[in-house]
Amino acid sequence: MIEPPSWQPSASLAALESRARQLAWVRGFFAQRGVMEVETPVLGRYGVTDINIDSIPAGPTPLAAGSAEAWLQTSPEYHMKRLLAAGAGPVYQVARVFRDGESGRRHNPEFSLLEWYRPGFTDSDLMAEVSDLVCGWLGCEAPRTMRYRDVFLRFSGVDPFLASNAELSARCEQWVEPSQLQAFTRDDCLDLLMSCQVEPALAGTGPVFVTGYPESQAALARVSEQDGLRQAHRFELYVQGVELCNGYWELTDCDEQRQRFAADNQARLAAGKPEMPIDQDFLAALQAGVPDCAGVALGLDRLLMLKLGLDNLAGVIAFPADRA
281 MIEPPSWQPS ASLAALESRA RQLAWVRGFF AQRGVMEVET PVLGRYGVTD
331 INIDSIPAGP TPLAAGSAEA WLQTSPEYHM KRLLAAGAGP VYQVARVFRD
381 GESGRRHNPE FSLLEWYRPG FTDSDLMAEV SDLVCGWLGC EAPRTMRYRD
431 VFLRFSGVDP FLASNAELSA RCEQWVEPSQ LQAFTRDDCL DLLMSCQVEP
481 ALAGTGPVFV TGYPESQAAL ARVSEQDGLR QAHRFELYVQ GVELCNGYWE
531 LTDCDEQRQR FAADNQARLA AGKPEMPIDQ DFLAALQAGV PDCAGVALGL
581 DRLLMLKLGL DNLAGVIAFP ADRA
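If you read the sequence shown in our numbering, its first letter stands for residue 281, the second for the next number, and so on.
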C-alpha cells in the first residue's frame, strides 16, 4: 500500500468520523450513569516513579517554586484522585497522555486515555461497568474472567507464582540472548512471557478479563491473600488479544503508597533509570482521605482500532508520532 504524503493524516476521514462518534458515545454512557466529566493538567510538576513507564520532561522551566521541572502526564490518575479526596464523587476524563519510548503498531508516545473512578466500587463492580462500556461500543460478547495464574499455566505451562527465577529465565531464552537475560527481573520475565505466549493465545479466547496479578505487579492496587497467595486486586481486559485497559481496586493507604514509591525508585536506580521525584500532593490527598474506590484506564485508540477491524493505531490517529 502506498503511504500518503507526510502532511496528510494517516487515518482515513471515515476513521476520524468514527472517533467523533466514539467520544459522543462515551460521554453519553457516563451521563446516563451520573459520572461527572473532569479535566486535569496535561502539564504537571511531577512524573511517575513506575519502572515500566517513562515520563517525558516538558522542559527545565518549573511550574512553581520548589519544582525542578515540568512533566507531560502519563495518566490523569494522581490529579483525579486529588479530586476524589476533595469530594468530587464519581468522575471520568478523556485525556491526552504521554509516555516516552512507546512506539509501534499498538503504541504511540501520545495517545487518548479514558480514565474513571467509582467511589464505593470494588474491582469486580468496575469490571461489570467496563464490560458494559466496551461491549456496548464493540457489540461483542461479555468477557469471561480468568486468573493470571491460570492463563500462564494454560498458555505458557509455567506457574507465575511458584516457578523459580531460573525457570522463568530459561523460558525466556528463545526470545532474549542469555547475556541480556542476566539483567531481567522476575517481573521482566513474566512480562515477556505474557507478551510472547499468553497474549497471542488470548486472541482466540474471546473477550477476557485477567485478574489476580502477583503482588509485585500491584502498582497502585490494594493487595490481599487469595488461595494462599498474595495477589493484587488488578484486572486487565483483552479483546482479540489486545490489552484494552488496566483497572484497580485502589490502594488508599498513604504510608503503604509512600513505601511503594520508594521501592519504585530503588528499582529504577537498579535498572539504570533516573530516580523520579515523588508527588507529594498526591500523597497528601491520600493522607486527607481518598474514598474507597475502584478505577480504570482504557485506551480509546485501541478500542477504536478494534471497532474498525484494524491492526495498527496509525489507522485511527490523525497524526501519529512520525507525522506529528
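Note that beta-carbon positions come from the ideal geometry of N, C-alpha and C, so glycine has one too.
On a CA-only basis, which of the options is nearest residue i? Give me that one, please.
i      : options                        : result
Leu549 : Pro356, Val456, Ala463         : Ala463
Asp561 : Leu584, Cys534, Cys573         : Cys534
Trp455 : Met474, Ala295, Ser444         : Met474
Cys415 : Ala295, Val374, Trp305         : Trp305
Val601 : Ala547, Asp380, Gly339         : Checking the sequence shown, residue 601 turns out to be Ala, not Val. Measuring from the Cα of Ala601, the nearest candidate turns out to be Asp380.
Glu357 : Ala547, Phe435, Val322, Ile597 : Val322
Met556 : Pro285, Asp412, Ser292, Tyr326 : Tyr326
Cys420 : Ala604, Asp467, Leu583         : Leu583
Pro571 : Arg398, Thr465, Asp468, Phe599 : Arg398
Val371 : Arg386, Gln353, Leu394         : Leu394
Gly486 : Ser411, Arg313, Ser355         : Ser411
Ser355 : Thr320, Ala348, Ala368, Glu349 : Thr320
Phe565 : Leu296, Gly308, Ala368         : Phe is not the amino acid found at residue 565; the sequence shown has Ala there. Minimum Cα distance to Ala565 is reached at Ala368.
His610 : Leu524, Gln567, Ala547         : Because the chain is modelled from 281 through 604, residue 610 falls outside the range shown and cannot be assessed.
Gln312 : Glu349, Glu409, Ile597         : Glu409
Arg299 : Cys452, Ala547, Leu418, Ser496 : Leu418
Ala568 : Glu349, Ala344, Ala366, Val490 : Ala366
Once you ignore the five residues that flank residue i on each side, which residues in its own chain have a CB closer than 7 Å to its CB?
i      : result
Phe391 : Val377, Gly579, Asp581
Asp544 : Thr329, Asp330, Ile331
Gln520 : Ala483, Leu586
Phe541 : Thr329, Ile558
Arg429 : Asp439, Pro440, Phe441, Gly492
Thr465 : none
Leu303 : Val374
Leu433 : Asp439
Gly508 : none
Tell me the residue span of the beta strand (DSSP E) that contains residue i.
i      : result
Cys573 : 573–579
Leu509 : 509–519
Arg376 : 371–378
Arg427 : 424–427
Glu479 : From DSSP, Glu479 is part of no beta strand (DSSP E) but of the alpha helix (DSSP H) over 479–482.
Pro389 : Run containing Pro389: none; DSSP gives neither H nor E here.
If you drop the 5 nearest sequence neighbours on each side, which residues of the same chain put their C-beta closer than 6 Å to that of residue i?
i      : result
Gly437 : none
Met316 : Val371
Arg385 : Asn592
Glu382 : Pro389
Arg340 : With the sequence shown as reference, residue 340 is identified as Pro, and Arg is not the correct amino acid for it. For Pro340, where only same-chain residues beyond five positions count, the Cβ hits under 6 Å are Glu349.
Tyr518 : Leu482, Val488
Identify the residues that DSSP records as bridge partners of residue i: which are they?
i      : result
Gly686 : Residue 686 is absent from the structure shown; the chain starts at 281 and stops at 604.
Glu530 : Ala501
Phe441 : For Phe441, which the question treats as bridged, DSSP gives no partner whatsoever.
Trp396 : Tyr372, Val576
Val488 : Arg424, Tyr518
Ile336 : Leu352
Pro494 : Gln511
Glu523 : Tyr518
Met316 : Val371
Gln506 : Leu509
In terms of residue numbering, what span does the alpha helix (DSSP H) encompassing residue i cover?
i      : result
Trp351 : Not the alpha helix (DSSP H): Trp351 falls in the beta strand (DSSP E), residues 350–352.
Gly297 : Before going further, note that residue 297 is Glu rather than Gly in the sequence given. Here the alpha helix (DSSP H) through Glu297 covers 293–312.
Arg325 : Taken as a continuous stretch (DSSP letters only), Arg325 belongs to no alpha helix (DSSP H), as it is neither H nor E.
Gly569 : 560–569
Lys612 : Since the first and last residues shown for the chain are 281 and 604, residue 612 lies out of range.
Glu283 : First-last for Glu283: undefined, no H or E at that position.
Gln460 : 458–461
Ala606 : Since the first residue of the chain shown is 281 and the last is 604, residue 606 is not available in this structure.
Leu472 : 466–473
Can you give me the Cβ contacts of residue i inside the same chain, cut-off strictly under 8 Å, excluding the 5 residues immediately before and after it?
i      : result
Trp351 : Leu323, Gly324, Arg325, Tyr326, Gly327, Ser335, Ile336, Pro337, Ala338
Glu447 : Val438
Ser422 : The question names Ser, but residue 422 in the sequence shown is Ala. Here the set comprises Ser411, Cys415, Pro487.
Ser504 : Arg510, Gln511, His513
Leu435 : First, the residue type needs correcting, since residue 435 is Phe and not Leu in the sequence shown. Hits under 8 Å: Gln477, Val478, Ala481, Leu482.
Ser449 : Leu461, Phe464, Cys469
Gln497 : Asp467, Leu470, Ala512, Arg514
Ala604 : Glu390
| query | Does the count of Cβ pairs from the region 361–372 and the region 589–598 closer than 8 Å reach three? | reply | no
| message | Using a Cβ distance threshold of 8 Å, determine whether the region 394–407 contacts the region 509–518, with at least three qualifying pairs required. | response | yes
| message | Below 8 Å, how does it come out for the region 526–546 and the region 570–578: are there three or more Cβ pairs, yes or no? | response | yes
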